[in-house]
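So the structure is just underneath, and the comments pick up after that.
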Amino acid sequence: MSIDRNGGRAPVATANADHGEGGRPSAPRLSIVGGRVVDPASGVDRTVDLHVADGRVLAIGAPPDAFRAQRTIDARGLVVAPGLVDLAARLREPGFEYRATLESEMHAALAGGVTSLSCPPDTDPPLDEPGLVEMLKHRARGLDLAHLYPLGALTLRLAGEVITEMAQLAEAGCVGFSQALAPVLDTQVLQRAMQYANTFGYTVWLQPQDPHLSRGGVAHAGVVAARLGLSGIPVVAETIAIHTILDLVRDTGCRVHLCRLSSAAGIELVRRAKAEGLPVTADVAVHHLHLIDVDIGHFDSHLRVDPPFRAAPDRDAIRAVLADGTIDAICSDHTPVDDDAKQLPFAEAEPGVTALELLLPLTLKWASETKTGLRAALAKITQRSAAVLGIADVAGSVAVGMPADLCVFDPDAHWKVSRETLCSQSRHTPYLGYEVLGRVRATVVEGRVAYEERPIDGGEARR
Amino acid sequence: MRHPQLNEKGELRHLLTIEGLPRELIHHILDTASSFVGVSAREVKKVPLLRGKSVFNLFFENSTRTRTTFEIAAKRLSADVINLNINTSSTSKGESLLDTIDNLMAMHADMFVVRHAQSGAPYLIAQHIERMRGHAPHVNVINAGDGRHAHPTQGLLDMYTIRHFKGDFTQLTVAVVGDILHSRVARSDIHALTTLGVPEVRAIGPHTLLPGGLEELGLKVYTDMREGLRGVDAVIMLRLQNERMRGALLPSAQEYFKHYGLTEEKLALAAPDCIVMHPGPMNRGVEIDSAVADGPQSVILDQVTFGIAVRMAVMSLLGQSQA
């Protein structure tokens, strides 16, 4: 029995409730001047002023007559981009508050320029019940930081046996349905879940990994795993799962988002499926743009992730096809893990890295190394990811009338990833101690400066 | 990145793996071991090299044989030895691995001999000790077998045995036979053999027991044992654990023995003076026939004897190394 089932939900029940109906009338009037506005959706890339009122973009260029900003941000030398839209950030609530809290991770999101994020349902209990989703959304609204778009569980307890009340979960705010990392062992259940989801037009999010072929595996089945004596997860674990999913897409017509692709062979299957016209989208995790199994080095448990970092040709394939649209979006796959769960032998260590604050720098790193333009790179973490989530009408672009969710960053600023510079409660990333390029200076959510690295006011007092 | 088992000067601080050890260092360990072989044959089987030092045998996984040989080696070096079978004590009470290590460091341990079911566990311990530098006295870590990853003292004693019987490594063909997928001994032997310049190292087994990537490690892979044994100078048989029979890796011990068990008939295909090695404990009639195990070409018990000397060599070198 869910709470608030009979009517009390009305004010909070629309999927995009976080983005409000009419912006945020109470937000101060804001001008961001002198910045390079880059908007992948419209193709805008020029130095221009931006004016914000009532939580929405009021004008790009000259301000309307009689507009007087209450705050001005001097963005000279900075990029003004849409607030980032992250397809996968674990916030660990409910159930894993010792690893992270909604509050700590929402702050991390803002520090990373992320203004909208989607969280997988693998909390404890999982998000398989409308009351839980409502509570989570309520908590997020109370914090008033980034916008939260939960994914509901596809099956009860993520057990892969009984499908959830998807329609009611959607009313409570779920934007799609997912098994997170839990398998659906029974293919008939998966088929029916997809049929049912398709009845209402919902997208099913699946991370392709055959549970039998990956059983016990902790690293890419290759030379490194053979050398280190680690159990391998072969590439066929991914491709066989993709084959099954794609056949079920053909069979049911259900729209599927394939999460966290890791192999060249898997990407090739997705490329062909898209050419065939199947309703599929796909993402990769940002750390997979850079790291490979060799980086495990001497059993570094920071490299323990799901799916595993694969061989160099797989990583190179991911980097290459990102530009051509086979992979729609880059996500952080942010997974806070507590110290005790990482300071264990590699195979026993909890998988996952902290990544909300690295989504932008590691995307920029890929862009600069592959000579991808800034606009095309940002599209993968704004416009395209918003489209995958079905929220492109309210997020992922900078345009007059859109909610003013903005990421203002210095593309030339180096910063060192350290326990001190990260806001997330989890500091486990292979980039700890490394310098990265691209620092968020300010994050604006619905016209309000929700985060700033240090005050960058152009004369007027803060707040 | 500096290997966690070496200090700034490239000297051995811990023994975690044979991979990456310089050839001269391996020979130095083997030379040191040969000076200890005589000690065990003496009336008074002790030298005072580790007098006053405390060696902790930390066995997170049961092993009577390996623990015993380390204990004997430490005692012959005059160290105090403390045996801890940790899978039956603290971890079942919920204490973390590194908490256990911190406690033992507080007891002023000098050396940890670590056996663990997970690949890489001794690295975690060694790296933790390095992080504690300056806050706690230094402890040397010896990997006594971690998961499927490495068993470096076994690899060294195998090399000692080959050198003892064959002299030179650079003219040899050596075959490693059996469950290479799950074998830490195989991995340590492979790294040692290729480092010492053995021109041809062969891996023999069914595809279910051969991990991918062996060719990249410099091996020739054979699935036909008869073909793989042709002309070899030394054959290292691996133990086949009973639990491998329960999954889908192998259908039965009988069929395995028929194709991959070492018999006199198959051994006849090897060089006439080929030596037969096995890390023990043996499954007679599964991977090796008794006639071969007890036969004239078997050096299996020599391996055990040399194992004490090799472990004494490793412990004495680490005990004298500078933190």
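Chains A and B are the protein sequences, given in the same order.
Taking my numbering, the leading residue of the first sequence gets 458, the next gets one more, and so forth.
Taking my numbering, the leading residue of the second sequence gets 133, the next gets one more, and so forth.
Quick reminder that beta carbons are idealized off the backbone N, C-alpha and C, glycines included.
Flag this pair as yes or no: are the beta carbons of residue i and residue j separated by less than 8 Å?
i, j, result
"D750 of chain A", "A698 of chain A", "no"
"L813 of chain A", "S881 of chain A", "yes"
"R712 of chain A", "P736 of chain A", "yes"
"M414 of chain B", "L394 of chain B", "no"
"F188 of chain B", "A249 of chain B", "no"
"D763 of chain A", "P808 of chain A", "yes"
"L821 of chain A", "P868 of chain A", "yes"
"R280 of chain B", "H314 of chain B", "yes"
"E550 of chain A", "T580 of chain A", "yes"
"N235 of chain B", "H146 of chain B", "no"
"L289 of chain B", "Q137 of chain B", "no"
"A721 of chain A", "P770 of chain A", "yes"
"R155 of chain B", "L328 of chain B", "yes"
I'd like the list of long-range same chain contacts for residue i, defined as Cβ closer than 7 Å, with 5 residues on each side in sequence excluded.
i, result
"A678 of chain A", "G689, I690, P691"
"V693 of chain A", "L670"
"V353 of chain B", "A335, L342, L346, E347"
"L600 of chain A", "L559, E560, M563"
Going along chain A in order, which residues have a C-beta closer than 8 Å to the C-beta of residue i?
i, result
"A238 of chain B", "In chain order: nothing, as chain A lies at least about 18 Å away."
"R295 of chain B", "The contacting residues do not exist; R295 of chain B stays about 24 Å from chain A at best."
"R319 of chain B", "R684, G686"
Would DSSP call residue i helix, strand or coil?
i, result
"L642 of chain A", "coil"
"D434 of chain B", "helix"
"G277 of chain B", "strand"
"D796 of chain A", "helix"
"F657 of chain A", "coil"
"A400 of chain B", "coil"
"G895 of chain A", "strand"
"A241 of chain B", "coil"
"A258 of chain B", "helix"
"V494 of chain A", "strand"
"P539 of chain A", "strand"
"T340 of chain B", "helix"
"Y392 of chain B", "helix"
"M409 of chain B", "strand"
"M414 of chain B", "coil"
Using alpha carbons as the reference points, say which of the options lies closest to residue i.
i, options, result
"Q373 of chain B", "B:D356, B:P411, B:A205, B:S228", "B:P411"
"A806 of chain A", "B:C406, B:L256, B:L288", "B:L256"
"R362 of chain B", "B:S384, B:V308, B:R316", "B:V308"
"I432 of chain B", "B:I294, B:L230, B:E397", "B:I294"
"G427 of chain B", "B:M444, B:M291, B:A400, B:V418", "B:A400"
"D667 of chain A", "A:I724, A:A650, A:Q648, A:L642", "A:L642"
"S422 of chain B", "B:G337, B:F389, B:F438", "B:F389"
"R884 of chain A", "A:D496, A:I848, A:R556", "A:R556"
"A844 of chain A", "A:G782, A:P793, A:D790, A:Y891", "A:G782"
"H759 of chain A", "A:L801, A:A742, A:D785", "A:L801"
"V494 of chain A", "A:A484, A:S488, A:V505, A:P485", "A:V505"
"A253 of chain B", "B:L216, B:H267, B:G277", "B:G277"
"T285 of chain B", "B:H159, B:S167, B:L148", "B:L148"
"D773 of chain A", "A:A833, A:P607, A:C864, A:H747", "A:H747"
For a contact meaning CB atoms closer than 7 Å, what does residue i contact in chain B?
i, result
"A804 of chain A", "Q250, S251"
"D797 of chain A", "S228"
Anything in chain B within Cβ reach of residue i, meaning under 9 Å, just list it in chain order.
i, result
"Q652 of chain A", "In chain order: nothing, as chain B lies at least about 33 Å away."
"Q800 of chain A", "S228, L229, L230, L256, H260"
I want to verify the contact list: residues of chain A whose CB lies under 7 Å from the CB of residue i, in sequence order.
i, result
"E348 of chain B", "V680"
"P136 of chain B", "H755"
"R280 of chain B", "G686"
"P456 of chain B", "In the structure as shown, chain B starts at 133 and stops at 455, and residue 456 of chain B therefore has no counterpart that could be examined."
"R263 of chain B", "Those do not exist, as R263 of chain B stays about 10 Å from chain A at its closest Cβ, beyond 7 Å."
Which chain B residues sit within Cβ distance under 8 Å of residue i?
i, result
"A721 of chain A", "Residues of chain B passing the Cβ test: none, with the nearest at roughly 16 Å."
"L889 of chain A", "In chain order: nothing, as chain B lies at least about 14 Å away."
Apart from the five residues on each side of it in sequence, which residues of its chain come closer than 6 Å, Cβ to Cβ, to residue i?
i, result
"R911 of chain A", "none"
"S210 of chain B", "K178, P180, L182, R183"
"T827 of chain A", "R776"
"L819 of chain A", "V743"
"L548 of chain A", "L559, E562, C576"
"R728 of chain A", "T783"
Enumerate in chain order the residues of its own chain whose CB-to-CB distance from residue i is below 8 Å, with the five nearest sequence positions on each side excluded.
i, result
"T340 of chain B", "L313, A380, L381, L382"
"V469 of chain A", "Reliability of the predicted coordinates at V469 of chain A is poor, the pLDDT of 32 falling under 50, and the value obtained from them is presented with this limitation in mind. For V469 of chain A, where only same-chain residues beyond five positions count, the Cβ hits under 8 Å are E591, K594, H595, R598, G630."
"I620 of chain A", "L611, T612, L613, V646, R649, A650, Y653"
Taking residue i as the query, report the chain A residues whose CB atoms sit under 9 Å from its CB, ordered along the chain.
i, result
"R183 of chain B", "Simply none; closest approach about 33 Å."
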